[in-house]
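Top line first, the protein sequences correspond to chains A, B, C and D. Numbering (our numbering) for the first sequence: 129 to 466. Numbering (our numbering) for the second sequence: 129 to 466. Numbering (our numbering) for the third sequence: 129 to 466. Numbering (our numbering) for the fourth sequence: 129 to 466. Below you'll find the structure, written out as structure tokens, and then a few comments.
4 protein chains.
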Amino acid sequence: MVIIFRRDATEEQIQGAVRKIESLGYTPHLSRGTVKSICGVTGDDRSISESEFDQLPGVETVLRVLKPYKLASREFHPESTRVQVGGVTIGPGTFSVIAGPCSAETEEQVESTAAFVAGLGLKLLRGGAFKPRSSPYSFQGLGEQGLEMLNAAARRHGLTVVTEIMSEHDVELVGRYTGVFQVGARNMQNFALLKALGETRTPVLLKRSMMGTIEEMLLSAEYVMKGGNPHVILCERGIRTFETQTRNTLDIAAVPVTKRLSHLPILVDPSHAMGDWHYVAPASLAALAAGADGILVEIHPDPASAKSDGKQSLNFGHFQELMGRLRDLAPHMGVAVH
Amino acid sequence: MVIIFRRDATEEQIQGAVRKIESLGYTPHLSRGTVKSICGVTGDDRSISESEFDQLPGVETVLRVLKPYKLASREFHPESTRVQVGGVTIGPGTFSVIAGPCSAETEEQVESTAAFVAGLGLKLLRGGAFKPRSSPYSFQGLGEQGLEMLNAAARRHGLTVVTEIMSEHDVELVGRYTGVFQVGARNMQNFALLKALGETRTPVLLKRSMMGTIEEMLLSAEYVMKGGNPHVILCERGIRTFETQTRNTLDIAAVPVTKRLSHLPILVDPSHAMGDWHYVAPASLAALAAGADGILVEIHPDPASAKSDGKQSLNFGHFQELMGRLRDLAPHMGVAVH
Amino acid sequence: MVIIFRRDATEEQIQGAVRKIESLGYTPHLSRGTVKSICGVTGDDRSISESEFDQLPGVETVLRVLKPYKLASREFHPESTRVQVGGVTIGPGTFSVIAGPCSAETEEQVESTAAFVAGLGLKLLRGGAFKPRSSPYSFQGLGEQGLEMLNAAARRHGLTVVTEIMSEHDVELVGRYTGVFQVGARNMQNFALLKALGETRTPVLLKRSMMGTIEEMLLSAEYVMKGGNPHVILCERGIRTFETQTRNTLDIAAVPVTKRLSHLPILVDPSHAMGDWHYVAPASLAALAAGADGILVEIHPDPASAKSDGKQSLNFGHFQELMGRLRDLAPHMGVAVH
Amino acid sequence: MVIIFRRDATEEQIQGAVRKIESLGYTPHLSRGTVKSICGVTGDDRSISESEFDQLPGVETVLRVLKPYKLASREFHPESTRVQVGGVTIGPGTFSVIAGPCSAETEEQVESTAAFVAGLGLKLLRGGAFKPRSSPYSFQGLGEQGLEMLNAAARRHGLTVVTEIMSEHDVELVGRYTGVFQVGARNMQNFALLKALGETRTPVLLKRSMMGTIEEMLLSAEYVMKGGNPHVILCERGIRTFETQTRNTLDIAAVPVTKRLSHLPILVDPSHAMGDWHYVAPASLAALAAGADGILVEIHPDPASAKSDGKQSLNFGHFQELMGRLRDLAPHMGVAVH
């Protein structure tokens with residue numbers, strides 16, 4: 129931690145801060161500037177709160193030196209993590225395409241989608257049964273019935289289900305049907321849910337919130353990992369900005385930034401980021417080129433009849449075309465698509 | 129709903145959309161422009177999804193005409209709502225000051241704060257026992273013990289507690305100790321929680337998310353009201369922007385905008401919006417002048433020793449001074465402070 | 129400046145940075161942490177570029193200690209500045225209401241507005257002749273003819289004109305007609321214009337850009353002041369965020385933040401911030417309550433017929449009502465309205 | 129245009145709007161809803177201002193149907209535009225890499241960079257002589273001397289210069305040395321400059337502002353094109369958001385969105401978007417994969433000694449490596465790198 133004193137800080141105020149640092153068991157390193165003085169604080173400062181200092185008289189600002197997360201940090205864990213899901217690995221060397229409908233709607237829709245996904249050689253089926261919707265008047269998902277549909281279709285076609293969990297009390301229920309717990313953007317800071325998932329050993333796909341910084345996403349991963357579950361997969365899905373041409377703004381830089389700060393794999397969700405199927409293919413190719421470990425993409429046999437997110441869902445033809453392009457580029461990025 | 133057709137839409141595509149509108153039981157009103165055609169759809173379109181149309185060939189955009197919320201809307205409920213909390217009313221004619229610590233920390237801190245708040249003639253005591261914190265290494269609140277402290281101190285001083293609830297499964301527990309369920313910004317779209325609170329009849333103080341639009345805040349209120357609980361109080365607490373001088377950017381316009389769109393009362397939380405006590409008084413006075421129904425403000429007997437949010441907490445002296453200024457301005461805004 | 133080294137920085141890398149600091153004539157103060165080392169650099173670091181260090185091997189981050197502006201800073205100039213405009217003062221103790229049309233359109237409109245403004249006891253008339261418009265198909269202002277209209281009407285009624293200048297080459301032309309050069313939000317970082325205005329001694333009203341930080345606004349003021357013109361008035365006019373209910377998001381906190389960082393006066397432009405006349409009065413009252421030195425407000429005898437910004441212009445009746453409310457509150461804020 | 133009436137609009141108010149539409153020479157198409165009425169307005173509505181209607185009593189909202197730009201629009205010009213610069217083409221089928229220093233600093237730096245760029249088979253040399261800097265204390269560029277250096281080095285190596293112009297009065301001066309006028313992000317809405325460039329026939333590289341929407345960027349292109357200069361190249365360079373890990377947030381979706389809305393070529397500037405050279409290569413590859421027509425990238429023989437933007441400049445080795453990767457992927461994207 130570094131404390132920067134005000135230009136008009138008195139000697140007494142500076143010494144007061146120095147004594148407080150010492151009283152907390154840390155070592156102060158004071159430097160007198162011609163304009164301002166600064167004081168380095170050494171020791172692991174993750175457990176000190178800035179607010180213990182920034183309120184002291186004479187103090188202008190307090191800066192943190194260490195990153196606030198540790199288990200998720202590449203600094204303390206240089207090797208990239210690979211997460212096993214069903215028979216496949218998510219992480220370096222692979223590009224995982226997790227496809228499926230926004231919501232499970234009917235047996236036929238889920239079955240035809242699962243068959244199509246498996247037919248393309250993919251292994252992971254996404255699909256929602258509990259849907260977070262801004263409006264209480266929108267379709268809220270089929271609940272357990274949807275989970276059953278997804279799970280049954282996945283088993284028939286040798287796929288693993290990836291589905292969203294919205295409450296810590298559904299861990300047991302959702303866990304019976306899914307291979308990966310997906311934490312949606314609106315729940316990135318639902319700490320009760322994160323703690324509950326930390327007690328399982330099932331992989332967690334943690335989506336960045338529309339308003340979450342990359343650091344906050346890593347802190348949310350830290351909640352899960354601190355509970356004992358190291359199997360965390362991150363996912364960039366667009367942040368909220370002033371631009372309205374797309375549903376969200378895909379922060380493609382989140383891929384290399386996260387790779388540098390953390391050892392965890394990171395996927396991209398081009399469907400929610402774009403909100404319009406026309407842009408899903410370019411965004412998917414950009415994700416691959418930027419070094420993402422995969423994508424999470426919405427597809428539907430008939431997007432115009434989808435009960436949710438039809439506008440951003442690829443139909444089967446467009447998805448097949450995208451798969452062809454991903455498979456064409458992948459070897460040049462050093463990864464195998466699955 | 130209004131459908132705008134692409135410039136190159138064919139007659140067949142236009143007729144396809146018209147037939148789809150009719151098949152859903154609505155009435156199409158087609159206008160042929162020299163450049164583009166548009167089609168109005170009449171009937172209550174809250175239950176139609178835009179995505180049933182924006183995917184149709186030839187369609188460029190689909191615009192909603194009706195607001196997506198109804199129970200929270202002033203359009204359908206012109207008279208302003210007053211919410212009873214303890215012995216006081218939140219709503220037009222009053223300016224409610226809800227003060228207290230960020231977190232309940234010790235008996236002494238809670239007691240001295242409650243005594244101070246009551247001594248100033250206020251009736252509502254805020255304080256957290258379950259704290260949502262970005263980092264798992266930060267203080268997480270005292271839990272039920274904190275609730276007990278707050279409730280006991282409040283009873284001793286004739287105050288009503290306002291405290292945060294973080295999970296739908298704490299409704300019974302938190303409900304034993306509080307007069308108002310506070311839904312924090314990170315939970316504005318925790319729909320499981322909103323639904324659970326809709327089943328109670330306890331007032332709900334719903335804070336706007338850092339990245340929530342005003343419309344989304346009203347839709348979240350709609351979740352609670354649709355469940356049968358009409359006692360919703362809204363709260364603007366700053367949104368996330370690029371500016372870093374303050375913790376968040378207080379969207380002061382949210383006050384008159386919400387008043388125009390909705391009949392529900394709206395408070396301002398200057399403490400979380402500013403993140404720095406120096407700016408809390410000007411923000412509080414601005415809230416009063418903009419027409420807010422009150423403020424939710426963090427105070428602490430010794431901010432420098434606070435376990436959370438010390439930087440943004442007013443000490444007792446500064447809070448007393450603020451109360452003096454609010455009481456001086458209030459009659460000119462036509463409201464009584466309590 | 130503070131340099132934070134990477135956890136894995138070698139001794140050689142650290143010594144390399146220390147030597148570079150010394151070679152530039154500054155004094156390094158190295159602190160060895162158990163996890164990371166940090167190095168304070170003392171001396172006036174405004175002239176060192178962070179990039180001289182953040183590229184060195186072993187360096188993680190470089191933090192600036194001094195604020196990058198000096199002439200605009202309250203730290204170096206504790207007393208608040210008052211700017212003389214026409215016969216009045218903008219700054220502490222006063223609340224300046226600068227009213228007038230978005231654009232000068234016709235003799236009648238300008239004359240009736242000037243008469244109305246003067247009749248309310250105000251002294252400053254705003255009005256645009258050169259209009260920055262996003263679309264080339266929108267009304268671009270009357271140019272010099274508009275300046276003449278504004279100036280003539282102002283003289284008839286004892287007012288001073290405040291008008292926008294869009295190019296450094298119009299300084300002489302616009303200067304003939306105006307008492308204050310207004311720099312619009314889109315030109316906050318038009319450095320050629322700022323430098324040209326720095327060579328005059330006419331007051332400059334500098335509006336914050338829609339995406340400008342408060343620090344950047346102060347740096348733009350620094351450009352003008354460094355050129356020799358100390359008469360700078362700042363203006364918060366709303367920043368761009370994701371919220372669409374208002375044209376921009378009024379950052380009301382910019383008022384107390386700027387007051388704390390700088391000695392320059394700061395106004396609020398509620399018209400551009402809101403974009404809708406319904407919200408202009410509450411935003412104006414909030415500006416007064418937050419401590420602003422005045423407002424810049426658009427009025428029009430017949431807003432529905434305005435050639436630009438009609439939606440956000442107050443008609444005379446609503447403006448008169450607002451003036452009454454401002455005059456009622458002003459004494460309680462310790463200011464006189466003019 | 130579509131007018132949506134308030135729920136409580138009276139028949140008289142509705143008829144008033146209808147008469148106003150007719151009086152302006154347009155055709156109203158009124159649809160009576162059970163809740164609200166709407167009125168389509170046909171005719172080219174680019175020249176009607178929404179504010180002529182949204183101020184009328186009884187009107188809730190006015191929606192535009194036509195896009196506000198025309199010359200830049202793909203709707204009116206379906207075929208993609210190719211811009212000739214020096215001996216090369218920017219547009220479909222090619223991927224243009226425009227590389228060079230942030231600022232021209234010394235003869236040696238410019239010469240070595242030009243030689244390196246030419247040696248890699250590239251044709252376009254970027255470099256700044258007039259630098260827009262937030263702080264007046266930062267290096268402001270070498271001015272005409274810098275232009276001479278860039279131009280001389282470019283001629284020696286068969287390259288064409290791309291350099292920034294900051295004022296409409298430098299058109300003649302800068303035009304003597306450059307093959308492309310670059311309009312920086314801060315000048316995207318410097319309309320005086322855009323109009324001046326519209327009078328030339330030299331290609332204009334128009335960078336999106338940090339705060340500019342894609343639509344506003346296209347409107348700024350429209351300013352240049354309306355003046356008679358059709359040779360506009362767009363450039364996405366990152367927008368300002370709350371995320372601080374990168375200097376700006378690269379809106380990669382701007383590439384396919386712009387391609388769909390407009391026929392103009394679009395480049396990406398990964399250097400300013402990222403602000404950190406570590407992320408420049410992934411962002412460049414993402415740009416290629418997303419369909420951009422090229423990149424504008426900062427390189428420096430010794431980034432640590434650069435006078436500006438050293439942190440985001442690639443050194444020659446890293447740039448050569450990036451070129452190898454781009455050339456490897458390009459054929460799979462159907463483009464040739466030059």
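Backbone N, C-alpha and C define an ideal beta-carbon position, used for all residues, glycine too. A quick note: this is a predicted structure, and the numbers were derived from the prediction, not measured.
Straight-line Cα distance separating residue j from residue i
i, j, result
"B:H297", "A:C363", "28 Å"
"D:E233", "D:G269", "8 Å"
"A:V289", "A:I142", "58 Å"
"B:S390", "B:V383", "10 Å"
"C:R304", "C:F447", "29 Å"
"B:L442", "A:S179", "13 Å"
"B:E272", "B:I423", "25 Å"
"C:A227", "B:M339", "34 Å"
Helix, strand or coil at residue i according to DSSP, with G and I counted as helix
i, result
"D:L275", "helix"
"C:P384", "helix"
"D:S436", "coil"
"C:F244", "helix"
"D:D379", "strand"
"D:H446", "helix"
"A:Q268", "coil"
"B:Q143", "helix"
"B:I149", "helix"
"D:H460", "helix"
"D:H466", "coil"
"B:P431", "helix"
"A:S441", "coil"
"A:S263", "coil"
Residue i - partner residues in DSSP beta bridges
i, result
"D:I131", "D:C167, D:V190"
"B:C363", "B:K335, B:L395"
"A:L252", "A:I226, A:T288"
"A:P196", "In DSSP, A:P196 forms no bridge with anything."
"B:E426", "B:G228"
"C:T217", "C:Q212"
"A:V311", "A:L334"
Heavy atom of the ligand GDP within 7 Å of residue i beta-carbon
i, result
"D:R453", "The ligand GDP is not part of this structure, which contains no ligands at all."
Nearest-angstrom beta carbon gap, residue j and residue i [assumed within contact, 8 Å]
i, j, result
"B:I149", "B:P156", "4 Å"
"C:T256", "C:V238", "With the sequence shown as reference, residue 256 of chain C is identified as Gly, and Thr is not the correct amino acid for it. Not a contact, Cβ separation roughly 11 Å."
"C:K259", "C:S295", "Not confirmed; about 13 Å, so no contact."
"A:V187", "A:M129", "That belief does not hold up - the Cβ atoms of A:V187 and A:M129 are roughly 11 Å apart, past 8 Å."
Using 8 Å as the Cβ pair cut-off and three pairs as the minimum, do the segment 207 to 215 of chain C and the segment 251 to 269 of chain C touch?
Three or more Cβ pairs drawn from the segment 207 to 215 of chain C and the segment 251 to 269 of chain C lie within less than 8 Å of each other, which places the two stretches in contact.
For the pair the segment 415 to 434 of chain A and the segment 392 to 402 of chain D, tell me if three or more CB-CB distances fall below 8 Å.
With contact defined as three or more Cβ pairs closer than 8 Å, the segment 415 to 434 of chain A and the segment 392 to 402 of chain D are not in contact.
Looking at C-beta atoms only, is the number of pairs between the segment 323 to 330 of chain B and the segment 351 to 368 of chain B that lie closer than 8 Å three or more?
In this structure the segment 323 to 330 of chain B lies against the segment 351 to 368 of chain B, because at least three pairs of beta carbons, one per stretch, are closer than 8 Å.
Is it the case that the segment 374 to 383 of chain C contacts the segment 397 to 416 of chain C, given that we only count it when at least three CB pairs across the two stretches are under 8 Å?
The segment 397 to 416 of chain C is in contact with the segment 374 to 383 of chain C.
Would you be able to state if there are at least three C-beta pairs under 8 Å between the segment 311 to 322 of chain C and the segment 264 to 278 of chain C?
Output reads no: the segment 311 to 322 of chain C does not touch the segment 264 to 278 of chain C.
How about the segment 179 to 199 of chain D and the segment 447 to 464 of chain C: do they share at least three Cβ pairs that are nearer than 8 Å?
No: fewer than three Cβ pairs fall under 8 Å.
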